[in-house]
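Chemist: One structure, as structure tokens, below. Some questions next.
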């Protein structure tokens, strides 16, 4: 049987994990989605957050490129171009599974999430251990 302190520790870790994941999105996005009452409104929230995540991704990409040597820069540029093609194709697939508006939302969320995840990945490369 698990002790109360073990259960409390697990709950605390779960809260930190949820909070860390939520912090990857802007507070504006979270508030916007809380108020969104239609797929059109949700789409506007997602579109605005995607712009922010793209800006974040571009910023960290440039910072990382500034720290790399010539060969590493070439490798990162090539990988990033491949990743962009994959993201765009993958999210287009999700957005076109059906003609329903929910699939357009899924496609848009896919692009937002993948951009957020890629920015976080490059941030970890830029500042390992943080």
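Numbering (mature numbering (1 follows the signal peptide of the UniProt record, and there is no 0)), first residue to last: -22 to -1, 1 to 108. Glycine included, every Cβ here is placed at the ideal spot set by N, Cα and C.
1. Could you tell me the alpha carbon to alpha carbon distance between residue 81 and residue 40, rounded to whole angstroms?
2. Taking the alpha-carbon positions, what's the residue 38 to residue 95 distance?
3. Is residue 77 helix, strand or coil when you go by DSSP?
4. Is residue 107 helix, strand or coil by DSSP?
5. Assuming contact is defined by CB atoms lying nearer than 8 Å, are residue 42 and residue 100 in contact in what I supplied?
6. Taking the CB atoms as reference points, tell me whether residue 33 and residue 4 lie closer together than 8 Å.
7. Straight-line CA distance for residue 74 to residue 64?
Modeler: The structure says:
1. To locate residue 81, count along the chain shown from 1; it is residue 103. To locate residue 40, count along the chain shown from 1; it is residue 62. Cα to Cα, residue 81 sits roughly 32 Å from residue 40.
2. As a position in the chain shown, residue 38 is number 60, starting the count at 1. As a position in the chain shown, residue 95 is number 117, starting the count at 1. Rounded to the nearest angstrom, the two C-alpha atoms are 12 Å apart.
3. The sequence position of residue 77 within the chain shown is 99, counting from 1. Here residue 77 sits in coil by DSSP.
4. Your numbering for residue 107 matches position 129 in the chain shown. Correct three-state label for residue 107: coil.
5. Counting from 1 along the chain shown, the entry for residue 42 is found at position 64. Counting from 1 along the chain shown, the entry for residue 100 is found at position 122. Cβ distance < 8 Å, so residue 42 and residue 100 count as in contact.
6. As a first step, residue 33 is located in the chain shown; it is residue number 55 there, counting from the start. As a first step, residue 4 is located in the chain shown; it is residue number 26 there, counting from the start. In this structure, residue 33 lies away from residue 4, with their beta-carbon atoms at least 8 Å apart.
7. The count along the chain shown starts at 1 and reaches residue 74 at position 96. The count along the chain shown starts at 1 and reaches residue 64 at position 86. Distance between the alpha carbons of residue 74 and residue 64 is about 15 Å.
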